[in-house]
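Engineer: Questions regarding the structure given below will be posed in turn.
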Amino acid sequence: MRGLVPFVSYRLFRALIALWLVSTVVFVVMRLSGDPVPLLLPPDAPPSEMERVRRDLGLDRALPVQYAVFLGNLLRGDFGRSIHFREPAARVVMGYLPATFELALAAFGLAVIIAIPVGLISAMYRNSVVDHTVMGLALVGQSAPTFFLGILFILLLSLQAGLFPTSGRGDWTNLVLPALTLGAFAMASIARLTRSAVLEVMRADYIRTARAKGLGEAIIVAKHTLKNAAIPIVTITGLQFGTLLGGAVVTETVFSWPGIGRLAVQSIYNRDYPVVQCAVFLSAVAFIVINFAIDLIYGALDPRIRAG
Amino acid sequence: MKVTRREILKGAAIAGAAAALPGGLAGRAAAQSTQKRELVVAQGGDVSKFDPHFSTSSNDIRVSFNIFDNLTARHPDGKLNPGLATEWKRTNDTTYQFKLRQGVKFHNGDPFTSADAKASIERTYNPEAKTMVATVFSTIEKIEAPDPYTLVITTKKPDALLPARLAFYGGQIVPKKYLETVGADGFNAKPVGTGPVKLASWTKDDKAVLEANPDYWGGKIEVDRVVFRPIPEIAPRIAALQKGEVDVITQLPPDQGEKVAGGANTKFVGALYAGLYVLAVNSKRPPLDNPLVKQGLSLAIDRALIVKELWRGRGIVPSQPIAKGDNHWDASLPPLAYNPSEARDRLKKAGYKGEEIFIETTAGYLANDKPMAEAIQAMWKDVGVNAKVEVLEYSVRAQKNREKSFKGVFWSDPTSTLADPDGMMWRLLGPGGPQDYWRHAKWDELGAAARFSVDEKFRGQAYKEMTTIFHEHFPWLPVVQPYEDYGLQKYVEWTPNPNQQFEVRRFALKMRRA
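For the protein sequence lines, the chains are X and E, in the order given.
In this text, residue positions in the first sequence follow the numbering used here: the first is 1, and each later residue adds one.
In this text, residue positions in the second sequence follow the numbering used here: the first is 309, and each later residue adds one.
Next up, the structure:
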């Protein structure tokens, strides 16, 4: 790796550009999406009343002026006040973060703990019954719509078997079904990618060499295969985690989970610009941080990248 | 307010998946009575604000009408009852005198007096307070509080509906002193009312916990705690009811009633919606400017079939532009007629030549909107009308509504906010109203006269005549007055309100105890 300082500052610069672009796009798209005022007032409110509320919210000003104010506030870390909740937008979004982290970590943990061994076993016993079964399941996990899986879990595991609550947030039993539902997709993609990455490495010359020199299969897998297959696995795993942190709209909606994805979608419906801006901004930050972490892990895993 | 009905449909699709599986709860002990001291209510969305003057959304008013009291109270039977005012009378055409209930305390211990009532109502239209209910009391000229338990309200013109207005949103009474001390934001975070429950805690999008007010003037409610939970999707909402995690669910779609009623422990109840589902007509656009065409269109709609097939019987065929249950609803009128051959005759007489007639529908904004639009399109085609269905996205509809730029007929669900035609057909169809696409001199004259009259006999006659004119011109094509259904545990004995208020007071809620 070239010196750490230029590397970090270059990444930081790119991150800032990305955040600025994301904020601007969200700002523009939200304003194109419609007017929050009719949603706040009774259905028969006259136009004069609409104008009054629009003025109070600062929505009567020219778009460039609104944008300048928005950017100025953003630099001070102020996302404005939620139109819907009448509280600072940042406080609203922060209130949803614990639930989001809880669900994301549970789903992610479940996905990684199950998917990587499964992918590895599938690769090692390629074309066996185990491989076909596991990959078949993974295909289902990847292609089944989340709301279908979620409702299936509710009906089978909650309503019929009575094992878990149907919805809501509470103790760990509330966490199982949403984590399983949310983790299913990540699990499937990580398992499939692990399998193909391991297969690819297993065809490499150095593995043949390792076998030729009489190394045990366990050592080959642990020391040579997994380490070399790690780069794509780390990449997809990291990106999946970013996606999970960004909130899981459908899962959160099906299970009434008070997470940031549902907040973002509700806020889009409510045209609650400040909350949407803040939520998307934080998701973008999470993605950027994770990407950065992945880059650092690459360096640790593969000296060639470090030498760059 | 609109989001709720939109959700019903959205949820109906996945609820189908739920219906496909057998309800496996029959084996469990049937809970026909309960010792529970808590009532858990699942609604389609979360509360957003507790300050009652900042929201009119149904998810909010279900809660705020229980934390707060109004001077007058609309009970589930549709009648106006005493609330914080024990009695009221008109002292002249423009003045009402209210006697206020004595010995009532706010949740923080402050006594309730006329100063609170005066400040509350004045707050709604005080420009500095910037409330969302600023137009509700626009008829009020001034409010006086001559003594702690008397309130005198003077209106600009005679206003027969003032007591009705005071019962609905905007009319919730907030404590003057506390509000001044904590400010609007502090009040929204820690609301204090006189109602049967007080806010204990709120976790956004998770639950709002309300504790019973032990000193409530109307008697402590049946339970110690009421919890409101948002469960946005209909299938999980029904599952939560069937599993016994919640006691009441709102917004039960018409096709799910039988399933809930078939459960060992669950049942459903409904209240006739205080309003109508209509196809509003842009009567300015040919050929819809011709009354004969609109009569033909109305005669071609088989409303009874729509109620039977699409609403599973959970609705009635309207007979007039006034919702059943409202003042001046005319019981002598028959349901709107279905007569395809007569429809063809009128269209022919009108000189209709196959011009396109657009049905601009949303998909899921109102329950059954798109299916009804398609059914009506087919019915109109049967009588030779060149009907086209166009599906609009919700925000497009909102914009067209604001700009009054619909090009044919479009769905609307006029709500009768005051249980009176003035608050429904006159509010929406009157000159300058949100659906002002049609004018008729006599109709306008009658509507204005009825608005500013306090003589109910005169008003009744005016609405009768307006209905006759309406049935010639059809500025709306009323289609159905649906029920709004709720799912309940069998041990909950509860009567719903037609206007989306969710009443937990003693007169509406009982828990069956063993």
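For each residue, glycine too, the CB sits at the ideal point set by N, CA and C.
Quantities reported herein were computed from a predicted structural model and do not represent experimental measurements.
Beta carbon of A706(E): closer than 7 Å to some heavy atom of the ligand MG?
Structural biologist: Absence of the ligand MG from the depicted structure is noted, as is the absence of any ligand whatsoever, leaving it without description.
Engineer: Whole-angstrom Cβ separation of L199(X) and A138(X), contact assumed at under 8 Å?
Structural biologist: 14 Å between Cβ atoms; not a contact.
Engineer: Around the C-beta of E217(X), are 16 or more other C-beta atoms found within 10 angstroms, so that it is buried, or is it exposed?
Structural biologist: Exposed is the call here.
Engineer: Is the separation between the beta-carbon of F782(E) and that of S606(E) shorter than 8 Å?
Structural biologist: In this structure, S606(E) lies closer than 8 Å to F782(E) by Cβ.
Engineer: Can you name the start and end residues of the beta strand (DSSP E) that Y67(X) belongs to?
Structural biologist: No beta strand (DSSP E) holds Y67(X); the alpha helix (DSSP H) holding it covers L63 to L75.
Engineer: DSSP three-state call for Q809(E): helix, strand or coil?
Structural biologist: Three-state result, Q809(E): coil.
Engineer: Measure the Cβ-Cβ separation of K515(E) and R533(E) and say whether it is below 8 Å.
Structural biologist: It is not a contact, given that the beta carbons lie outside the stated cut-off.
Engineer: Using a beta-carbon distance cut-off of less than 9 Å, what residues from the segment 89 to 106 of chain X approach chain E?
Structural biologist: Answer in chain order: V92, G95, Y96 and A99.
Engineer: Let me know if S509(E) comes out buried or exposed under the rule of 16 or more other beta-carbons within 10 Å of its beta-carbon.
Structural biologist: Burial call: exposed.
Engineer: Could you list which residues in chain X have their beta carbon closer than 9 Å to that of N496(E), in chain order?
Structural biologist: Residues of chain X passing the Cβ test: F85, R86 and E87.
Engineer: Write down the C-beta distance between F445(E) and G478(E) rounded to the nearest angstrom, noting that I regard them as a contact closer than 8 Å.
Structural biologist: 6 Å between Cβ atoms; contact.
Engineer: Does the distance from the C-beta atom of Q405(E) to that of V460(E) stay below 8 Å?
Structural biologist: Cβ atoms of Q405(E) and V460(E): closer than 8 Å.
Engineer: Helix, strand or coil for V699(E) per DSSP?
Structural biologist: If DSSP states are grouped into helix, strand and coil, V699(E) belongs with the strands.
Engineer: What residue range is occupied by the uninterrupted alpha helix (DSSP H) comprising F147(X)?
Structural biologist: That run of the alpha helix (DSSP H) goes T146 to F153.
Engineer: For chain E, is any of its Cβ atoms less than 8 Å away from the one on D60(X)?
Structural biologist: Not an interface residue.
Engineer: Please state whether the Cβ-Cβ distance between N635(E) and D728(E) is less than 8 Å.
Structural biologist: In this structure, D728(E) lies closer than 8 Å to N635(E) by Cβ.
Engineer: Can you name the residues of chain E whose CB is closer than 7 Å to the CB of T253(X)?
Structural biologist: What T253(X) touches in chain E: P540 and E541.
Engineer: May I have the straight-line CA-CA distance separating I369(E) from P360(E), to the nearest angstrom?
Structural biologist: Whole-angstrom Cα-Cα distance: 7 Å.
Engineer: For the beta strand (DSSP E) holding P786(E), just list the boundary residues, first then last.
Structural biologist: Residues W784 to Q797.
Engineer: Alpha carbon to alpha carbon, how far is V800(E) from F815(E)?
Structural biologist: Distance between the alpha carbons of V800(E) and F815(E): 13 Å.
Engineer: So, at 6 Å on beta carbons, what are the nonlocal neighbours of W751(E) in its own chain, with the 5 sequence-adjacent residues on each side left out?
Structural biologist: Excluding positions up to five away in sequence, the list reads M774 and I777.
Engineer: Please classify S341(E): does DSSP put it in a helix, a strand, or coil?
Structural biologist: Coil, per DSSP.
Engineer: Taking C-alpha atoms, which residue in D793(E), D418(E), N378(E) and L700(E) lies nearest to A425(E)?
Structural biologist: Residue N378(E) is the option with its Cα nearest to A425(E).
Engineer: Please confirm if A222(X) has its CB atom under 8 Å from at least one CB of chain E.
Structural biologist: So, not an interface residue.
Engineer: Using a Cβ-Cβ distance under 8 Å, would E49(X) count as near chain E?
Structural biologist: Judged by the 8 Å Cβ criterion, E49(X) is in contact with chain E.
Engineer: Using 8 Å for Cβ pairs, my map puts Q480(E) next to F362(E). What's the rounded Cβ distance?
Structural biologist: So it is not a contact: roughly 11 Å between Cβ atoms.
Engineer: Between A608(E) and P642(E), what straight-line distance do the alpha-carbon atoms span, to the nearest angstrom?
Structural biologist: Using only the alpha carbons, I get a separation of about 16 Å.
Engineer: From the beta carbon of G168(X), is the nearest beta carbon of chain E less than 8 Å away?
Structural biologist: Cβ-Cβ to chain E under 8 Å: yes for G168(X).
Engineer: Determine, for Y646(E), whether the minimum Cβ-Cβ distance to residues of chain X falls below 8 Å.
Structural biologist: Chain X, which has no Cβ nearer than 8 Å to the Cβ of Y646(E), makes this no.
Engineer: Give a yes or no on whether 8 Å exceeds the smallest Cβ distance from R262(X) to chain E.
Structural biologist: So, interface residue.
Engineer: Do three or more CB pairs link the segment 222 to 231 of chain X to the segment 64 to 74 of chain X at distances below 8 Å?
Structural biologist: No, they do not touch.
Engineer: Give the straight-line distance between the Cα atoms of G34(X) and K632(E), rounded to the nearest whole angstrom.
Structural biologist: Rounded to the nearest angstrom, the two C-alpha atoms are 35 Å apart.
Engineer: Taking 8 Å as the cut-off, decide whether the C-beta atoms of Y10(X) and P258(X) are in contact.
Structural biologist: The answer is no: Cβ separation not under 8 Å.
Engineer: Quick check: the segment 583 to 600 of chain E against the segment 716 to 725 of chain E, are at least 3 beta-carbon pairs closer than 8 Å?
Structural biologist: Yes: at least three Cβ pairs fall under 8 Å.
Engineer: Where does the unbroken alpha helix (DSSP H) through T243(X) begin, and where does it stop?
Structural biologist: Note, T243(X): alpha helix (DSSP H), L226 to L245.
Engineer: What did DSSP end up calling E664(E) once you bin it into helix, strand or coil?
Structural biologist: Of the three classes helix, strand and coil, the one that applies to E664(E) here is strand, per DSSP.
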